[in-house]
Amino acid sequence: MEKLSVAQARQVESVGKDVLLQGWVRTRRDSKGGFSFLELNDGTSLANVQIIAEATLPNYQAEILHLTAGCSISVEGTVQASPAKGQATEVRARRVLVHGLADAARYPLQKKGHTMEFLREIAHLRPRSNTFGAVLRVRHQICRSIHEFFWENGFLYVQAPIITGSDCEGAGQMFRVTSLDYSKPPRNEAGEIDFSKDFFGKSTYLTVSGQLEAEALACSLGKVYTFGPTFRAENSNTSRHLAEFWMIEPEAAFYTLEDNMDLAEAFLKRLFSDVLKHCGEDMQFFKDRIEPTAISTLEGIVQSPFRRLSYTEAIEILLQSKQAFEFPVAWGVDLQSEHERYLTEKHFQCPVILYDYPRQIKAFYMRLNDDGKTVRAMDVLVPRVGELIGGSQREERLDVLEQRMAEQGLDPAGYGWYLDLRRYGTVPHSGFGLGLERTVQFATGMGNIRDVIPFPRTPGNAEF
RNA sequence: UCCCCGAUAGCUCAAUGGUAGAGCAACCGGCUGUUAACCGGUUUGUUGUAGGUUCGAGUCCUACUCGGGGAGCCA
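Here this note's numbering is used: position 127 in the first sequence is 133, and no number is missing along the way.
The following block contains the structure:
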């Protein structure tokens with residue numbers, strides 16, 4: 007007897023095999039012909055396998071006729087070709103072992119569709135829904151492709167710290183990490199809380215980005231990437247933001263911004279082409295039930311080049327668009343969502359890479375262009391989700407970097423080790439950050455980022 | 001954090017200021033190699049919380065909580 011997954015048992019190649027299947031019942035249909043149909047799912051595929059349970063089974067009356075959605079069972083039996091439409095194979099059960107019942111009157115998941123809002127309230131059970139199973143399988147495929155892509159391109163997988171002593175990464179509000187007794191914290195002479203008495207002897211926070219550490223590693227090892235959780239204590243209440251999310255940050259020495267854009271484009275194309283190749287059944291589900299353009303959008307991205315244009319060119323297009331924007335367009339202003347959406351959804355209708363942004367609206371570490379007005383930043387914008395990637399060529403010249411820090415009111419004392427990278431063997435280098443959840447959101451067509459991560463953390467919500 | 005919308009049965013939603021209802025689910029029965037099965041019947045409520053207006057509030061007013069859409073911040 008061979009232990010098979012539901013996905014394997016659905017393959018015609020499995021016909022004739024003596025198998026063990028284990029999973030959760032989705033539904034039961036009884037036939038007065040003297041048997042019942044059980045739909046079994048184990049998470050390995052969107053589709054269920056149909057189990058034929060004959061009334062002659064010893065526990066048919068006592069147990070099988072009481073199986074409902076959510077019950078867990080083991081089935082021993084034989085895979086056979088199905089005589090009816092709807093599935094290629096089915097499993098004729100020789101034995102059905104019930105592990106756990108699920109009180110049908112209380113079990114919250116029904117056979118019929120639920121709203122995403124309701125499923126979010128039962129985050130511990132929603133992986134059993136079709137939508138969530140499909141989301142998590144696509145998420146898994148994307149994670150795998152990320153590692154494969156970088157492996158094949160010579161990038162070293164490195165780990166940046168999750169607890170950071172740098173309070174000036176500049177990417178947003180941070181969560182403080184402390185082991186101080188908050189009912190009686192140590193205080194200095196000024197009456198302020200004395201974090202020098204804290205666990206690490208200083209203030210520490212959850213990381214908002216591994217970029218600065220990745221730069222140190224890239225400036226030693228060449229091409230590296232991080233892939234880990236990041237945290238933002240922003241009070242963001244949108245369908246595209248999480249307080250805890252996963253970010254992929256490649257960083258490469260001797261990479262120009264052009265190299266960086268080439269990398270980002272090849273990277274995204276690889277991720278989405280793998281999803282199309284390996285998640286066909288799940289993608290068809292998203293197309294049918296979630297977003298009609300789910301598959302065609304990914305196909306378009308894989309097949310056609312991204313449109314690259316400078317910030318200045320983008321401003322020109324927006325000014326000439328004759329669109330009524332809520333926020334006025336002018337060179338020097340940061341682009342608003344409506345502007346980005348216009349470019350990617352209406353004007354070009356494809357992914358857009360914008361580069362060379364005004365120095366005033368971008369971070370200090372981005373390399374200053376010779377025009378003195380713009381920096382080597384780039385954003386990859388996609389329809390519906392907006393910014394999928396943000397990156398830049400980093401400022402490798404010590405004097406320029408120090409000047410840019412001063413310009414933005416940053417204290418160089420907090421960046422000693424980061425400036426060292428420019429003092430000793432500095433090299434041009436570039437990198438970017440990709441939000442995993444936004445990537446999954448884009449690939450699946452899911453409307454809310456809270457529904458592409460198993461247990462979402464958002465302001466006021468850490469229930470599970 | 002700001003603007004707009006919402007909260008009624010387990011789920012999705014109805015209900016002129018005047019006796020709270022339907023579909024689905026659940027339960028019982030029927031039928032059937034069925035497959036979001038189908039047919040008949042039964043059960044289900046402190047109308048988000050706390051106040052207020054009124055003879056009377058699911059409905060009007062105020063505050064709060066939670067959820068959704070949009071914006072800002074960004075990935």
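Every residue, glycine too, gets a C-beta built ideally from N, C-alpha and C.
{"Check": "So residue 325 is in the alpha helix (DSSP H); what residue range does that whole segment cover?", "Outcome": "317–325"}
{"Check": "State yes or no: is the C-beta of residue 212 within less than 8 Å of the C-beta of residue 169?", "Outcome": "yes"}
{"Check": "Quick check on DSSP: helix, strand or coil for residue 133?", "Outcome": "helix"}
{"Check": "In whole angstroms, give me the CA-to-CA distance for residue 184 and residue 244.", "Outcome": "28 Å"}
{"Check": "If you measure between the beta carbons of residue 291 and residue 94, is that distance less than 8 Å?", "Outcome": "no"}
{"Check": "What do you get for residue 471, buried or exposed, if any count of 16 or more other CB atoms within 10 angstroms of its CB means buried?", "Outcome": "In the structure displayed, the chain extends from 7 to 470; residue 471 sits before or after that span and is not available."}
{"Check": "For the segment 346–408, which segments carrying the alpha helix (DSSP H) assignment without a break, of at least 4 residues, lie completely within its bounds, in sequence order?", "Outcome": "none"}
{"Check": "Quick one, are the C-beta atoms of residue 460 and residue 142 less than 8 Å apart?", "Outcome": "yes"}
{"Check": "Per DSSP, what are the beta-bridge partners of residue 274 in this structure?", "Outcome": "Partner(s): none; residue 274 has no beta bridge."}
{"Check": "Bridge partners of residue 87, per DSSP?", "Outcome": "95"}
{"Check": "Measuring only the C-alpha atoms, how far is residue 80 from residue 31?", "Outcome": "10 Å"}
{"Check": "State the start and end residues of the unbroken beta strand (DSSP E) segment that holds residue 32.", "Outcome": "24–37"}
{"Check": "How about the segment 224–233 and the segment 243–257: do they share at least three Cβ pairs that are nearer than 8 Å?", "Outcome": "yes"}
{"Check": "With distances taken Cα to Cα, identify the nearest neighbour of residue 117 among 400, 466, 134.", "Outcome": "134"}
{"Check": "Any idea which residues DSSP pairs residue 82 with across the strands?", "Outcome": "26, 101"}
{"Check": "Going along the chain, which unbroken runs of the alpha helix (DSSP H) with 4 or more residues stay wholly within the segment 159–219?", "Outcome": "none"}
{"Check": "Between which two residues does the beta strand (DSSP E) carrying residue 437 extend?", "Outcome": "435–441"}
{"Check": "Pairing CB atoms from the segment 305–325 with CB atoms from the segment 350–370, are three or more of them under 8 Å?", "Outcome": "yes"}
{"Check": "Classify residue 127 as buried or exposed, calling it buried when 16 or more other Cβ atoms lie within 10 Å of its own Cβ.", "Outcome": "exposed"}
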